[in-house]
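S.K.: Please read through the structure below; I'll follow up with questions.
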Amino acid sequence: MKGGKFSKRAELMHEVIIHIILVGLIFAVFFMATSEKINARGVRQQVLEKQTALLIDSAVLGMSFEIPKKNLNGIVQSVELKEGKVFIGIEGLVSFKGCPYFSKYSISVEESQDKFIIRIK
Amino acid sequence: MIKGAGKRGAIGEGILMIYRLIMVMFIALVILGISSVFYSHYINVRDTEAVIMARQVVDCLTLTNSDIYSIEKNRLLAFCGYDDYETNRFFVRVTFTNDSGKQVHILSQGDSGALWVKELFEKQEKKIESVKKYVPGYFKEDYLFFDSINNKELNMKVEILVNAEF
Chain A
21 MKGGKFSKRA ELMHEVIIHI ILVGLIFAVF FMATSEKINA RGVRQQVLEK
71 QTALLIDSAV LGMSFEIPKK NLNGIVQSVE LKEGKVFIGI EGLVSFKGCP
121 YFSKYSISVE ESQDKFIIRI K
Chain B
110 MIKGAGKRGA IGEGILMIYR LIMVMFIALV ILGISSVFYS HYINVRDTEA
160 VIMARQVVDC LTLTNSDIYS IEKNRLLAFC GYDDYETNRF FVRVTFTNDS
210 GKQVHILSQG DSGALWVKEL FEKQEKKIES VKKYVPGYFK EDYLFFDSIN
260 NKELNMKVEI LVNAEF
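Put into structure tokens, the structure is as follows:
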């Protein structure tokens, strides 16, 4: 009888612990998603990508401009130009969509120690 | 007592718990998905792109003193040096008229049907927030153009429409 009671209690405890762990995990996922929205890395990335794309759109031959790695929109980790789109990685957030630009010139990106340089050739 | 009934019961309870967990996870994912749609912020720069494109087209036609009659009628942006993949969101139309307002020449590129979509958006009085981000960018302006072939001044109406990038 005693053994039965104990095993039932243990079973219940086991179930409760698993539930707590799982609820904790779900809460962590929620928390991460919410913090992602609050620090607005995505919006800052969008701002920088669109600013850069508009600069490229309106640039004339021979122009070059710099994007400091320590930017107002966060730490810039990468600047890439692929298939007519600008992709900028900010604080570990990789850009998947990018922002389209148009230019009749050849555009290139160079990375130096503290900045990215975009050249219009 | 039935032998093995306890074990079977435990297995059954375990399966039920997995089912409950899957349900909770599913609901959590749905809530996360909906919240990400509602809280995402979209910045629309299509009107600015239209203004920039208009300036580029005007520069292309005037600064190079182009013979507008030799340009392929529906390949204006290609003439100005743009690749097709860069300009597939654009509809560009340049209409040349004389002093009396008669159309002398027209140059364009892109899908003119996009103008119809723009009108449809304009007719919509109360714009729904989720639809708003698809409204195309638009710019229209009149400029003066000197036709060096016929040695006369023409009016040049530049119209640019920029579609959504997604």
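Chains as they are written, first to last, in the numbering used here: chain A, 21 to 141; chain B, 110 to 275. Quick reminder that beta carbons are idealized off the backbone N, C-alpha and C, glycines included. All of these numbers come straight from a predicted model, not from anything done at the bench.
What are the boundary residues of the beta strand (DSSP E) that includes S84/A?
M.R.: Taken as a continuous stretch (DSSP letters only), the beta strand (DSSP E) holding S84/A covers 84-88.
S.K.: Which one or two residues does DSSP pair with Q212/B in a beta bridge?
M.R.: Beta-bridge pairing links Q212/B to T206/B.
S.K.: Give every residue of the same chain whose Cβ lies closer than 6 Å to the Cβ of T196/B, excluding the five residues on either side of it in the sequence, and list them in chain order.
M.R.: Cβ within range, chain order: L186.
S.K.: Would you check if there are 3 or more beta carbon pairs closer than 8 Å linking the region 37-53 of chain A to the region 112-119 of chain A?
M.R.: No: fewer than three Cβ pairs fall under 8 Å.
S.K.: Got a sec? Which residues, its chain only, sit under 6 Å from K242/B by beta carbon, not counting five neighbours each side?
M.R.: Taken in chain order, the residues that qualify are Y151.
S.K.: So what does DSSP say about Q165/B, is it helix, strand or coil?
M.R.: Correct three-state label for Q165/B: helix.
S.K.: Hey, does G60/A have any beta-carbon neighbour from chain B nearer than 9 Å?
M.R.: Looking at the sequence provided, one finds Ala at residue 60/A rather than Gly. Yes - at least one Cβ of chain B is within 9 Å of the one on A60/A.
S.K.: Please classify Q233/B: is it buried, with 16 or more other beta-carbons within 10 angstroms of its beta-carbon, or exposed?
M.R.: So Q233/B counts as exposed.
S.K.: Taking Cβ positions, are Q65/A and I108/A nearer each other than 9 Å?
M.R.: Yes, the pair counts as a contact, with Cβ atoms nearer than the cut-off.
S.K.: Please name the residues in the region 199-213 of chain B whose beta-carbon is closer than 7 Å to at least one beta-carbon of chain A, in chain order.
M.R.: Here the close residues number zero.
S.K.: Under the DSSP definition of a beta bridge, which residues are partnered with L101/A?
M.R.: Answer is V106/A.
S.K.: Less than 9 Å separating the beta-carbons of N272/B and R198/B?
M.R.: Against a cut-off of 9 Å, the Cβ pair of R198/B and N272/B comes out as a contact.
S.K.: Taking 9 Å as the cut-off, decide whether the C-beta atoms of I138/A and L75/A are in contact.
M.R.: Result yes, Cβ atoms of I138/A and L75/A sit closer than 9 Å.
S.K.: Would L42/A count as contacting chain B if we go by Cβ distances under 9 Å?
M.R.: Closer than 9 Å: yes.
S.K.: Within 10 angstroms of the Cβ of G210/B, are there 16 or more other Cβ atoms? Answer buried if so, exposed if not.
M.R.: So G210/B counts as exposed.
S.K.: In this structure, does DSSP put D251/B in helix, strand or coil?
M.R.: D251/B falls in the strand class under three-state DSSP.
S.K.: Straight-line CA distance for N74/B to I177/B?
M.R.: The structure shown does not extend to residue 74/B, since chain B spans only 110 to 275, so no value can be given for it.
S.K.: Using 8 Å for Cβ pairs, my map puts R61/A next to I110/A. What's the rounded Cβ distance?
M.R.: Contact flag correct, Cβ pair sits at about 6 Å.
S.K.: Can you pull the DSSP bridge partners for N91/A?
M.R.: DSSP, once it has assigned bridges, lists G94/A as partnering N91/A.
S.K.: Using a cut-off of 7 Å between C-beta atoms, extract the partners of E181/B located in chain A.
M.R.: In chain order: nothing, as chain A lies at least about 16 Å away.
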